[in-house]
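For reference, the structure is listed below as structure tokens.
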Amino acid sequence: MSNHSDPETPADRPGSDLERDSDGVPRGQKVLDATLGLLDVHQLEVDLYRGYSPKNAMVRVFGGQVAAQAMVAACRTVPADRTVHSLHSYFVRPGDPRQPIDFRVDRTRDGRSFTTRRVVAQQGDQVIFTLSASFQIDEPGLDHQLDMPDVPDPDSLPTFAELVAGAPDAAPWDTLPRPVDIRYVTAPPWSRRSGSPQRGARNQVWFKADGAMPDDPVLHQCLLTYVSDLFLLDSALAAHGINSSARGLQMASLDHAVWFHRPIRMDDWVLYDTGSPSASGARGLAIGTFFSVDGPMLATVVQEGLVRLRR
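Written out as structure tokens, the structure reads:
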């Protein structure tokens with residue numbers, strides 16, 4: 001990965017020559033390249049890196065962005081023969097997208113098989129995010145997995161632009177540039193009718209990078225981490241038949257963990273199957289699994305989030 005210090009992306013500049021979705025939102029290779037560049041933090045000094053948010057960001061830094069950037073910073077300090085197999089993170093404070101984010105890496109341990117890193121993300125003197133990541137050399141071992149859900153082929157499903165047509169404020173990111181092609185298998189969250197609980201409800205979404213990607217496995221793992229924060233807490237709402245526009249609802253990611261099981265190619269279709277086993281104390285727990293289009297289980301994600309509903 002190369003170093004990028006300019007936070008402005010092609011999609012930030014109105015009137016730039018961009019491919020656009022049917023609803024006019026930028027998409028395609030340039031938007032994908034801009035997102036990969038955004039995740040590519042640059043080095044300030046030994047073990048210190050800086051990242052930015054896009055100029056068209058929402059009111060706070062997107063959690064998937066800061067998690068992926070912290071992972072890139074950690075990967076920069078690890079030998080090339082080791083790949084990340086798990087990360088555990090906490091969202092400490094909302095990040096300001098107008099300010100740069102500094103990522104300080106602590107080289108916790110370098111063992112014969114495993115390497116551990118801790119990353120602290122700060123804006124000014126305030127910590128906004130922490131991450132611990134573990135890396136391992138490639139080793140053979142036992143191999144089993146969950147069965148992939150039986151779902152329709154992604155190419156048979158409507159595009160995200162087709163789904164949001166005629167549905168104003170369908171999702172917080174419905175007008176932001178789209179680096180990934182998103183196809184909902186289950187009904188999109190904004191279409192739920194209030195008061196229709198669905199015990200054991202699942203949210204299932206196909207996605208893939210909207211363009212070609214380099215072979216660097218770190219890029220594919222980081223892009224998966226980036227998108228993994230998009231859909232998880234929707235499954236906690238689905239169990240209660242509400243959506244993110246419900247009156248009095250406050251939501252925020254509190255922590256986020258990812259386990260990487262097998263090699264990932266984000267420029268092919270990946271299924272994200274999520275559900276929520278529990279909600280209590282104004283918090284919701286969500287678990288997601290990723291499958292490649294031909295069946296292998298790629299990763300598991302667990303997140304707890306604030307789900308506060310004031311009536």
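So for the sequence shown, full-length UniProt numbering puts the first residue at 1; every next one is plus one. Ideal placement from N, C-alpha and C gives every residue a C-beta, glycine not left out.
Consider the C-beta atom of residue i and the heavy atoms of the ligand NAD; say whether any pair is separated by less than 7 Å.
i	result
glycine 284	This structure simply doesn't include the ligand NAD, nor any ligand for that matter.
Roughly how many angstroms separate the alpha carbons of residue i and residue j, rounded to a whole number?
i	j	result
aspartate 23	phenylalanine 207	18 Å
leucine 233	glutamate 304	8 Å
proline 54	glycine 28	17 Å
methionine 1	methionine 266	Low per-residue confidence applies at methionine 1: pLDDT is 48, beneath 50, and the placement is therefore not dependable, though the value from the model is reported in the following sentence. Going from the Cα of methionine 1 to the Cα of methionine 266 covers about 16 Å.
residue 317	alanine 161	With the chain represented from 1 up to 311, any question about residue 317 goes unanswered, as that position is not in the structure.
asparagine 56	valine 205	25 Å
proline 217	serine 278	33 Å
alanine 286	valine 302	6 Å
alanine 167	isoleucine 137	47 Å
arginine 109	glutamine 221	22 Å
methionine 148	leucine 219	24 Å
alanine 74	arginine 311	42 Å
valine 105	glycine 284	30 Å
valine 31	tyrosine 52	16 Å
alanine 246	valine 61	22 Å
methionine 213	valine 180	12 Å
alanine 299	isoleucine 264	9 Å
alanine 11	valine 59	A caution first: alanine 11 carries a pLDDT of 46, below 50, which makes its placement in the model unreliable, though a value can still be read off. Each residue's alpha carbon lies about 18 Å from the other.
histidine 261	phenylalanine 114	15 Å
residue 320	alanine 34	Nothing can be reported for residue 320, as the shown portion of the chain is limited to 1 through 311.
valine 72	leucine 230	19 Å
Please classify residue i: is it buried, with 16 or more other beta-carbons within 10 angstroms of its beta-carbon, or exposed?
i	result
isoleucine 182	buried
glycine 248	exposed
histidine 256	buried
asparagine 3	Low per-residue confidence applies at asparagine 3: pLDDT is 40, beneath 50, and the placement is therefore not dependable, though the value from the model is reported in the following sentence. That one is exposed.
proline 14	Note on proline 14: pLDDT 43, under 50, position unreliable in the model; no value is reported.
valine 25	buried
residue 356	Only positions 1 to 311 of the chain appear in the structure, and residue 356 is not among them; the question remains open.
arginine 76	buried
aspartate 215	exposed
valine 307	buried
serine 191	exposed
alanine 201	buried
leucine 142	exposed
alanine 67	buried
proline 188	buried
So residue i and residue j are in contact, right, with Cβ under 8 Å, and what is the actual spacing, rounded?
i	j	result
serine 126	arginine 93	It is worth fixing the name first, because residue 126 is glutamine in this sequence and not serine. Contact flag correct, Cβ pair sits at about 6 Å.
threonine 289	aspartate 268	The Cβ separation is near 17 Å, so there is no contact.
valine 164	aspartate 150	26 Å between Cβ atoms; not a contact.
glutamine 145	glutamine 123	Their Cβ separation, rounded to whole angstroms, is 39 Å, which puts glutamine 145 and glutamine 123 out of contact at 8 Å.
glycine 275	serine 235	5 Å
leucine 223	alanine 209	6 Å
valine 119	alanine 80	With a Cβ gap of about 19 Å, valine 119 and alanine 80 do not count as contacting.
glycine 64	tyrosine 226	4 Å
Practice item. Mind the definition here: the region 243 to 252 touches the region 290 to 298 only if three or more C-beta pairs lie below 8 Å; say whether that holds. Key: no
Review point. When the Cβ atoms of the region 156 to 165 are set against those of the region 132 to 143, are three or more pairs found closer than 8 Å?
Key: no
Check your understanding: Are the region 83 to 90 and the region 31 to 49 touching by the rule of at least three beta carbon pairs closer than 8 Å?
Key -> no
Review point. Should the region 94 to 106 be regarded as contacting the region 137 to 148, the criterion being three or more beta carbon pairs within less than 8 Å?
Key: no
Review point. Enumerated in chain order, which unbroken segments of the beta strand (DSSP E) with a length of 3 residues or greater are wholly contained in the region 92 to 130?
Key: Look at the region 92 to 130 and you find these whole runs of beta strand (DSSP E), each 3 residues long or longer: 101 to 110 and 114 to 123.
Review point. Curious, which full-length beta strand (DSSP E) runs of at least 3 residues does the UniProt domain "Acyl-CoA thioesterase 2 C-terminal" (186 to 306) contain?
Key: 202 to 209, 249 to 260, 270 to 280 and 283 to 292
**Study point:** Continuous alpha helix (DSSP H) assignments of at least 4 residues falling wholly in the region 40 to 77
**Key:** 63 to 75
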